[in-house]
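Q: Take this structure, written in structure tokens, and hold onto it; I'll ask about it next.
Number of protein chains: 2
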Amino acid sequence: MSKCTQCIIKRFNSLHKLNHDELENFSEHKTSLIIKKGENLMTEGHTINGLYCIKDGKCKLTKLNTNGKEQIIKFVKGGDILGHRSILSDEPVGLNVTALEDMHVCFIPKGDILDMIRQNSQFSLSLMKNISHQLNEANTSISQMAQKPVKDRLAETLLHLENIFGTDKEGYIDVILTREEIANTIGTATESAIRLLSNLKKDQVIDLSGKKIKITNKNALNNISEGY
Amino acid sequence: MSKCTQCIIKRFNSLHKLNHDELENFSEHKTSLIIKKGENLMTEGHTINGLYCIKDGKCKLTKLNTNGKEQIIKFVKGGDILGHRSILSDEPVGLNVTALEDMHVCFIPKGDILDMIRQNSQFSLSLMKNISHQLNEANTSISQMAQKPVKDRLAETLLHLENIFGTDKEGYIDVILTREEIANTIGTATESAIRLLSNLKKDQVIDLSGKKIKITNKNALNNISEGY
DNA sequence: GTATAAATATGACAAATATCATTAAATTTT
DNA sequence: AAAATTTAATGATATTTGTCATATTTATAC
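If you're matching them up, the sequences are chains A and B in order. With my numbering, letter number 171 in the first sequence gets 168, and the count goes up by one each step, no holes. With my numbering, letter number 64 in the second sequence gets 61, and the count goes up by one each step, no holes.
Rendered as structure tokens:
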């Protein structure tokens, strides 16, 4: 099995605060796994006893509402860690994590993480910083969901997706989502999302090619996201 | 000035993880202040260099949207701490904190907090637990804002307010909010909030007396909040 | 490669929610 | 206590968004 000490993905997350020996220790206890597209890495309400470090791949974090609708809360890609919120708060997992493409993931047991928090305050602070930042993002999201109309939220979401996943050689946002998933991100009906995407295309703000989306007028999209 | 060692409010937050000497140290550097009703303890975008421990009083945490509307993200009362998210993530404050009634608050400088995180891992873990829990709540909120209709969100909010603030001797929820503030909590127009409150009263689910609200049929309200 | 299913697109209509206007009630100021 | 201001309430109407129906395109299975 590959070693944490040699893994370059850790530089994107709190694990970069660990020294060589600490990483060796993690390496000894870690397991690595592959999550196929469409499979769940975690499931809402379940307990997990460790932290996942995403080596490669993209996933969506969702919540199932009482009405049966899926709400996408967040998108995560390689370099991020998952599951720390649950083990730190001693609560069950709050979100489903579903692979949008095949993922390579490493699992580090809860005990090792908690030990490391006690002995390495830099690691501890880095985790806090990560969660604190996420909390701020979530609060912003609440405000936007509550106050912005669907069109603005769609514009916002497209800009956000490009920020997270970047673009391919042709300039298309580098993630493949169904129209339903886009609708579940902005919190609207699938038909509404489709209609608004069509409108944005007609207005030459974006370009559509199958499921691929290219932002052709970022300025305009920015304005729309702010209600102009 | 009163001492942290003798303050009973700390048992509700992470400060209860500190021993006598550690509290003495905090006491020496802390300042205490009074925030009058309507005044801000923190302002969105500003930097703070410390943590606030709410000794007494109620406040709302809000965000000002690009369209100029205020969104209430959260209600906080005595016993809670504020500002730790900002100092832990090294980001400006994300929310306005406005007193709903006169508040007594203690301020502990950032340096002391960070030192304590490094030396007391129980304190550190307790802070993480607090923020992790808040993140989970925020994620739930996103989902509800995005997917639930206004009526359901109002029901949810009323139940939530009773949970946080409890009831007075006559059974009314123990916080005074304007209709506009209720609207800003659930993310709707003030008129819509007023109308829906009137309907709930007509349906004998709640009782209204001026700004005071009493839940008279919690079961029904629970059902409404889940879409039945 | 054809059949089958799933996803996308679009129109017609219904429901939810916002906006504007006006009145009534409560609160604050003088 | 009266006047002025703010807040609450309610009707009328406009706008936004959701739902249902159906066609078309795309993906998947055989």
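For glycine and all other residues, C-beta sits at the position ideal for the given N, C-alpha and C.
Is it buried or exposed for Ile170/A, if we count other Cβ within 10 angstroms and need 16 for buried?
A: The residue in question, Ile170/A, is buried, as its Cβ has 16 or more Cβ neighbours within 10 Å.
Q: Please report the distance separating the alpha-carbon of Ile183/B from that of Gln3/A.
A: Going by the C-alpha atoms only, they are around 49 Å apart.
Q: Taking beta-carbon pairs under 9 Å, can you tell me which members of the stretch 178 to 202 of chain B lie near chain A?
A: Cβ contacts with chain A come from Asn181, Thr182, Ile183, Gly184, Thr185.
Q: List the endpoints of the continuous alpha helix (DSSP H) containing Ala190/B.
A: Looking at the DSSP string, the run of the alpha helix (DSSP H) that includes Ala190/B is 187 to 199.
Q: Along the chain, where does the alpha helix (DSSP H) that runs through Thr137/A open and close?
A: First-last of the alpha helix (DSSP H) with Thr137/A: 118 to 144.
Q: Pick helix, strand or coil for Thr63/A, following the three-state DSSP scheme.
A: It is coil, neither helix nor strand.
Q: Could you work out which residues of chain A lie near Glu223/B, taking near to mean beta carbons separated by less than 9 Å?
A: What Glu223/B touches in chain A: Thr63, Asn64.
Q: Output needed for Gly75/B: all residues of its chain with C-beta closer than 7 Å, excluding positions within five of it in sequence on either side, in chain order.
A: Taken in chain order, the residues that qualify are Ile6, Ile51, Lys52, Asp53, Gly54.
Q: Which word fits Gly80/B, buried or exposed, when buried means at least 16 other C-beta atoms lie within 10 angstroms of its C-beta?
A: Buried, by the Cβ-count rule.
Q: Report yes or no: is there a C-beta of chain A within less than 8 Å of the C-beta of Lys7/B?
A: Lys7/B does not count as touching chain A.
Q: Going along chain A, which residues have a C-beta under 7 Å from Asp87/B?
A: Within 7 Å Cβ-Cβ: Lys126.
Q: Do we get a CB-CB distance below 8 Å when we pair Leu15/A with the residues of chain B?
A: Answer no: the Cβ-Cβ gap between Leu15/A and chain B never drops below 8 Å.
Q: Checking 8 Å against the spacing of the C-beta atoms, do Ser140/A and Lys60/B come in under that value?
A: Closer than 8 Å, so yes.
Q: Is the stretch 120 to 135 of chain B in contact with the stretch 117 to 127 of chain A, if contact means three or more CB pairs nearer than 8 Å?
A: As far as the Cβ criterion goes, the stretch 120 to 135 of chain B touches the stretch 117 to 127 of chain A, which means the pair count is three or higher.
Q: When Cβ atoms are compared, which residues of the stretch 109 to 133 of chain A fall closer than 7 Å to chain B?
A: So the list reads Ile114, Arg115, Ser118, Ser121, Leu122, Leu124, Met125, Lys126, Ile128, Ser129, His130, Gln131, Leu132, Asn133, given in the order they occur along the chain.
Q: Whose C-beta lies closer than 6 Å to the C-beta of Leu193/B among residues of the same chain, with five residues either side of it excluded?
A: Counting only Cβ-Cβ distances below 6 Å, and skipping sequence neighbours, we find Lys148, Leu151.
Q: Output the distance between the C-alpha atoms of Ile84/A and Pro106/A, rounded to the nearest integer angstrom.
A: So the alpha carbons of these two residues sit roughly 10 Å apart.
Q: Exposed or buried, which one is Ile70/A when buried takes at least 16 other CB atoms within 10 Å?
A: Ile70/A should be labelled buried.
Q: Using a beta-carbon distance below 8 Å, is Leu38/B in contact with chain A?
A: It does not; no Cβ of chain A falls within 8 Å.
Q: Would you call the CB atoms of Ser86/B and His130/A closer than 8 Å?
A: In this structure, His130/A lies closer than 8 Å to Ser86/B by Cβ.
Q: Leaving out five residues before and five after Val73/A in sequence, what residues of the same chain have Cβ atoms less than 7 Å from its Cβ?
A: Result list for Val73/A: Ile51, Cys56, Leu58, Leu79, in chain order.
Q: Per DSSP, what are the beta-bridge partners of Cys278/A in this structure?
A: The structure shown does not extend to residue 278/A, since chain A spans only -2 to 225, so no value can be given for it.
Q: What would DSSP say about Thr164/A, mapped onto helix, strand or coil?
A: Residue state, collapsed to three classes: strand.
Q: Nearest chain A C-beta to Met142/B closer than 8 Å, yes or no?
A: Judged by the 8 Å Cβ criterion, Met142/B is in contact with chain A.
Q: So if DSSP puts Gln68/B in a beta bridge, which residue, or which two residues, is it bridged to?
A: Note: Gln68/B sits in a beta bridge opposite Lys60/B.
Q: Confirm, please, whether the CB-CB distance from Val102/B to Leu30/B is below 8 Å.
A: Going by C-beta atoms, Leu30/B is nearer than 8 Å to Val102/B.
Q: Put Lys7/B into one of helix, strand or coil per three-state DSSP.
A: Three-state result, Lys7/B: helix.
Q: Name the two residues that bound the continuous alpha helix (DSSP H) containing Asn22/A.
A: Where Asn22/A is concerned, the enclosing alpha helix (DSSP H) stretches over 17 to 26.
Q: When the cut-off is 8 Å and only beta carbons count, does Met51/B lie next to chain A?
A: Note that residue 51/B corresponds to Ile in the displayed sequence, not to Met. No, no contact with chain A.
Q: From the DSSP output, in three-state form, read off His43/B for me.
A: Three-state result, His43/B: coil.
Q: I'd like to know if Leu236/A contacts chain B, where contact means its C-beta is closer than 8 Å to some C-beta of that chain.
A: This structure leaves residue 236/A out entirely; chain A is present only between -2 and 225.
Q: Over what stretch of residues does the beta strand (DSSP E) that includes Ser206/B continue unbroken?
A: 203 to 206 is the span of the beta strand (DSSP E), which, as asked, contains Ser206/B.
Q: Would you kindly work out how many angstroms separate the C-alpha atoms of Arg176/B and Lys199/B, rounded to a whole number?
A: For Arg176/B and Lys199/B, the distance between alpha carbons rounds to 17 Å.
Q: Answer yes or no: does any C-beta atom of chain A fall closer than 8 Å to that of Ala152/B?
A: Cβ-Cβ to chain A under 8 Å: no for Ala152/B.
Q: Which two residues bound the contiguous alpha helix (DSSP H) that contains Lys33/A?
A: Segment: none, Lys33/A is in no alpha helix (DSSP H) and carries neither H nor E.
Q: Which residues in chain A sit within 8 Å of Ala217/B, going by Cβ to Cβ distance?
A: Neighbours of Ala217/B on chain A: none; closest Cβ ~16 Å, over 8 Å.
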